[in-house]
Amino acid sequence: MFNFFKKTKKSENGVKPMPELSDLDGMTLQEGDVVEALRYELGRCKIVIEDHQYFYESLFTGTRVSWTKMIDASTNFQKVRKVKD
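Heads up, the sequence shown is in our numbering, so the first residue is 146 and it goes up one at a time.
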């Protein structure tokens, strides 16, 4: 009916798999990538993983924002653009 008690899939070691992140252009993001954040005045950020969760860490201020706050509701992509080297 509402799937309130829907079981989530876990890997063999019992830990939920990490979500796959994509920027506004659809490019896949991973830990260590540098991106330009389009929210919260973070500027350029580096993607870091801590306690099995993604964070965007500002290279200028050191501020950390969870990946869940950067989701674009209309596309389900992240509100960031990957910086190409």
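Here a beta-carbon is modelled for each residue, glycine too, at the ideal position from N, C-alpha and C. None of these values were measured; they are calculated from a predicted model.
- One alpha carbon belongs to Leu183, the other to Gly159, and they sit about 34 Å apart.
- Residue burial is scored here from C-beta neighbours: Gln223 has at least 16 other C-beta atoms within 10 angstroms and is therefore classed as buried.
- Comparing alpha-carbon positions, the option among Met172, Lys191 and Lys214 lying closest to Phe205 turns out to be Lys191.
- Lys161 carries a coil assignment under DSSP once its states are collapsed to helix, strand and coil.
- Judged by beta-carbon spacing, Lys227 lies beyond the 7 Å limit of Val193, meaning their Cβ atoms are not closer than that value.
- Residue state for Thr173 is assigned as strand, using DSSP reduced to three classes.
- Within the same chain, Ser211 and Trp212 come within 8 Å of Gln198 by CB-CB distance, once the 5 residues on both sides are set aside.
- Within the DSSP bridge table, the entry for Ser167 names Thr173 as partners.
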